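Residue numbers (my numbering), protein chains in the order written: chain A, 1 to 264; chain B, 265 to 528; chain C, 529 to 792; chain D, 793 to 1056.
Let me begin by presenting the structure, written as structure tokens, before commenting on it.
4 protein chains.
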Amino acid sequence: MTMNPRKTTIVFKKGITLRNPILIVGLPGIGNVGKLVAEHLRREYKAKKFATLYSPYLPDRVVMLKNGMVKLSNNSFYLLKASKNVKNDIVILTGDAQGISSRGRYEINTKITEFFKEKLKGSFIYTIGGYTPGNTFVKDPKVFGSATSKQVIAQFKGSEVVFGKSKGFIMGSAGLIVAFAKMRHMDAVCLMGETSMLDVDASAAKAVLLVLAKRLNLHIDLSKLDKIIEETAKIIRDLERQVSVGTQLEKLHKEPEAHPSYIR
Amino acid sequence: MTMNPRKTTIVFKKGITLRNPILIVGLPGIGNVGKLVAEHLRREYKAKKFATLYSPYLPDRVVMLKNGMVKLSNNSFYLLKASKNVKNDIVILTGDAQGISSRGRYEINTKITEFFKEKLKGSFIYTIGGYTPGNTFVKDPKVFGSATSKQVIAQFKGSEVVFGKSKGFIMGSAGLIVAFAKMRHMDAVCLMGETSMLDVDASAAKAVLLVLAKRLNLHIDLSKLDKIIEETAKIIRDLERQVSVGTQLEKLHKEPEAHPSYIR
Amino acid sequence: MTMNPRKTTIVFKKGITLRNPILIVGLPGIGNVGKLVAEHLRREYKAKKFATLYSPYLPDRVVMLKNGMVKLSNNSFYLLKASKNVKNDIVILTGDAQGISSRGRYEINTKITEFFKEKLKGSFIYTIGGYTPGNTFVKDPKVFGSATSKQVIAQFKGSEVVFGKSKGFIMGSAGLIVAFAKMRHMDAVCLMGETSMLDVDASAAKAVLLVLAKRLNLHIDLSKLDKIIEETAKIIRDLERQVSVGTQLEKLHKEPEAHPSYIR
Amino acid sequence: MTMNPRKTTIVFKKGITLRNPILIVGLPGIGNVGKLVAEHLRREYKAKKFATLYSPYLPDRVVMLKNGMVKLSNNSFYLLKASKNVKNDIVILTGDAQGISSRGRYEINTKITEFFKEKLKGSFIYTIGGYTPGNTFVKDPKVFGSATSKQVIAQFKGSEVVFGKSKGFIMGSAGLIVAFAKMRHMDAVCLMGETSMLDVDASAAKAVLLVLAKRLNLHIDLSKLDKIIEETAKIIRDLERQVSVGTQLEKLHKEPEAHPSYIR
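Spelled out as structure tokens, the structure:
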């Protein structure tokens, strides 16, 4: 299939069949909690990439890879097959960017929700984000939840996830995918690690990971966890620095889109 | 019906029939006068929600509800049925946001106007807004009006609404819906409470409420009015604070959409 | 015809036939030179409005009129019929705003050029703008020209219009309409009054008016000209002040469209 | 053919047949390295213009030419025919601007890639850009590369191009065209001259030119090279100054596109 970069498109291997898959979405956002969780799961469990979303609503950035080749900014789907312990196939969605306009984020996340329901026949979605309660430094991060229904909330009874105590808005994929899942009669929950507005908050990610591992029956070697999370955080921080240089460059030359001398 | 979040859509119960309905539009804007009026009417008269507008031109925000569930940013229609005193069914439109671009506001307000005329068979629209005359503090707020025709203005003879004395522009739904109603040969008026640029101006809202109550023959318990308005204002102010935190967060990371080093 | 505000549309009286019409375009821009010239011609010669362009790419502003009624921001076409002295029907295009994005200006000005060629069967277009040569104060403003062809430039031989001495770019309708006319094999010229970056530059407008009057054989009462131009300038300045207040209000609440915490 | 300015369109002479063409893309960007290289090749080898890309995603700017005529901002294709030394027809793409939004750049660069593959039957693309390693002043600029495949990288064995040592993102045409070429199974490489963030970096351009000349077997008179590059740089700098004045003007009047008082 030749891809048309003008449209939001998910390229995937035809004929893939998953076993009652659940989706975990972790993209850049507040504290990078979502991205940190998704990258950790992907690396730790050696999940295999099987689908890629491209979109003209993502930033027009091409990543320079260490092997000398290029990669267009995208969101990628990774697969962790079900096993003796883990009953569901787990699909992990992560990437280096979200859409750059509100309208673009509507388009991209509608596509993701449709793809998971119609192509992958999935039934449950976790989105991961960060939540900033205020100006205080967070020592023991809680995990807040917001869900599609009372039934989903009930499933977290006995867990450490706190529902109904976080205020305000969830922005980007973490919120939209849960809202769009609700419209399509799917179950979904947004799990938010409490964060002190760090750029890359490893301790908020750890809190969410512990909740997820228990829910999904994923084995986690606690003695290694801290070390691995910190390594993942370091990789993201390196990426941050490079983007930061790029953004600085852009700001130097920023030109207004609107020409208000035309508007009187 | 499965909703497609890519399009501006109004989801409503099929088969609803209204009795000569009038529409009152009160959305966020200057002094939050419109939102304050609409929320007050909705709460005071226990109007029932019967339709919801979703749009990719609204901000991509998902509200965390107190019951632990999510709600996508939207504009909602509430119904106050006609009674012995009130001859018309009254439809109240309010929400937590307006469209985030001029083009999006054209799209959303065209949809609202079409829906009211074609689906609800409505014939008269009130939009509510705030009007800032200058830098002086407003003590006794006037109510200014701008209408679709002389006939509509004539209906306000004897009322306290001042026509032709406000200058400049009405922006957002409060203006567009009146202009679009005119194009579709409907009657409409924008009522603007005079405001001193407060974020939430309860006294400007009260001035408009008194005008509306008289026009629509709504009973208002004057002894309770001030207290109720202030309670409504408090709820909106709380919401304001949460959005304000969200906005601060976004500003921290703002990236330019245009890359002007490309434009020489 | 019911207008659809979602599309850029020109509403006009069917069956109108013009006599070899020429178009003069004067919209808001540098020094408001174009708008000043167009408004002056329209008022002085009592040109009659016969067509209106609406567009979702114009700002979503509704003007409050002195008669208490509303008017959606638009661009309007006025007609000055040919007479003994004036051989061509003259169409004047002016308005309170230009499109608010580059893409919107492409759409609106394509529509204008098509309308003039296909519906009005026009053959020559003047666009009027301001030109800022540098930081010096301009005492005796020159008139600079930029045209679609050598043949058009040759028509200005003997006039005071200077071709090929202005540098840089023409932005908005003044430039786009000339470029689009060239693509459609029409003749067009942009006449630019030299301006010192005033908001409303009456003396630059006067320089262009004198050139236009001679070209079009319009009678101008020189003894009254200065007074009338200054009156027109005053009306525009009043409008400016109102827009300026509106813009201030908007800036107070500006929210970023892009959420760069999503882009890493 | 009448052009429709609403769409991204490439206007070209029908019936043109090229001999195994390669494409060199040099547009405005970091250090103007790409533009400098493309302009140098075009002037030095007297390449002939044969196709022009117009787009509503380019800025709405009309250039005032020295001959008194207008030219719409565009990207142009120039042809340098194959000769005894040069085996391939060389197509040079340059212009005064890139698209002004990320989405627009997706559209424009998809069009360019399609045009080169389907209409020109081309098979290899060079895009030229600048690369800023950090804050240090670059004395002897290196040339970094990023390519579509290992096979392309292997072709540069023995050259001075360094693959896999540059980090971060390539933005705009220089990156997108290589990524889109990869999607369409074409070979492409981005060559980046190391630059110290000058506006017009002649020495980074020279480094890339030397690499290109050797690869394409173009004869370069080294004794004249420095002088010619500096002349080209001067022409671009003059253009820069004019744009800079235009941008200043726009900033004076910038009006926000979003009206956040609507978003609560």
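C-beta: ideal position from N, C-alpha, C; glycine also.
These numbers come from a predicted model, not from an experiment.
Asn-373(B): member of the alpha helix (DSSP H) spanning 366-378, first to last residue. In terms of beta-carbon proximity, Val-706(C) lines the interface with chain D, with at least one pair separated by less than 8 Å.
Here Val-954(D) has Lys-934, Val-935, Phe-936, Gly-937 as same chain residues with Cβ atoms under 8 Å from its own Cβ, once five neighbours each way along the sequence are excluded.
DSSP places Gly-457(B) within a strand segment (E or B) once states are collapsed to three.
Asn-481(B) and Ile-492(B) have their C-alpha atoms roughly 19 Å apart. By the criterion of at least three beta-carbon pairs nearer than 8 Å, the stretch 190-201 of chain A is not in contact with the stretch 340-349 of chain B. The alpha-carbon of Lys-752(C) is positioned some 42 Å away from that of Pro-797(D).
A Cβ-Cβ contact shorter than 8 Å links Ile-656(C) with Ile-552(C). For Gly-168(A), same chain residues with a beta-carbon under 8 Å away, outside a window of 5 residues either side, do not exist. It is roughly 50 Å from the alpha-carbon of Lys-310(B) to the alpha-carbon of Glu-899(D). Taking CB atoms only, Gly-964(D) has a neighbour in chain A less than 8 Å away. From the beta-carbon of Ile-945(D), the residues of chain A found nearer than 7 Å are Gly-68. Distances from the alpha-carbon of Lys-876(D) to those of Tyr-1054(D), Lys-942(D), His-1011(D), Glu-1022(D) put His-1011(D) closest. Interface residue (Cβ-Cβ distance to chain A less than 8 Å): Ala-1025(D) is not classified as such. Interface criterion met: the Cβ of Leu-600(C) is under 8 Å from a Cβ in chain B. In the DSSP assignment, Phe-972(D) falls within the alpha helix (DSSP H) that extends over 965-975. DSSP lists no beta-bridge partner residue for Asp-668(C). Beta-carbon to beta-carbon, Ser-102(A) and Asp-324(B) are separated by about 4 Å, close enough to satisfy the 8 Å threshold. Boundaries of the alpha helix (DSSP H) harbouring Lys-742(C): 730-744, taken from the DSSP string. Residues Pro-21, Leu-23, Phe-116 of the same chain have their beta carbon placed closer than 6 Å to that of Gly-122(A), with the five preceding and five following residues left out of the count.
For the stretch 606-634 of chain C, residues whose beta-carbon sits nearer than 8 Å to a beta-carbon of chain D comprise Ile-628, Ser-629, Ser-630, Arg-631, Arg-633, Tyr-634.
Between Asp-1013(D) and chain C, the shortest Cβ-Cβ separation is not below 8 Å.
Taking the C-beta atoms as reference points, Ile-884(D) is found no nearer than 8 Å to Met-978(D). By the Cβ neighbour-count rule, Ala-51(A) is buried, with 16 or more other Cβ atoms within 10 Å of its own.
Among the bridge pairs identified by DSSP, Gly-692(C) is matched with none.
Leu-384(B) is the residue among Ala-361(B), Leu-384(B), Thr-377(B) whose C-alpha sits nearest the C-alpha of Asn-352(B). Excluding the 5 residues flanking it on each side, Ala-302(B) has same chain C-beta neighbours closer than 6 Å at Gly-290, Ile-356, Thr-358, in chain order.
Scanning the stretch 265-323 of chain B for uninterrupted alpha helix (DSSP H) segments of 4 residues or longer gives 297-308, listed from N- to C-terminal end. In its chain, beyond the 5 residues on either side, Ile-757 have a beta carbon closer than 6 Å to the beta carbon of Lys-734(C). If you draw a 10 Å sphere on the C-beta of Asn-67(A), you find fewer than 16 other C-beta atoms in it, and that means exposed. Excluding residues up to 5 positions away in sequence, Val-33, Val-37, Ile-128, Val-143, Leu-191, Gly-193 lie with their Cβ nearer than 7 Å to the Cβ of Val-208(A) in the same chain. Annotation: the continuous alpha helix (DSSP H) that includes Ile-417(B) extends over 414-419. Contact between Ala-973(D) and Thr-940(D) holds, since their C-beta atoms are separated by about 6 Å, short of 8 Å. Cα atoms of Lys-599(C) and Ile-417(B): separation of roughly 15 Å, rounded to the nearest angstrom. Annotation: Ala-174(A) to Met-197(A) spans about 17 Å, alpha carbon to alpha carbon. Contact with chain B is absent for Asp-729(C), since none of that chain's Cβ atoms lies less than 8 Å from the residue's Cβ.
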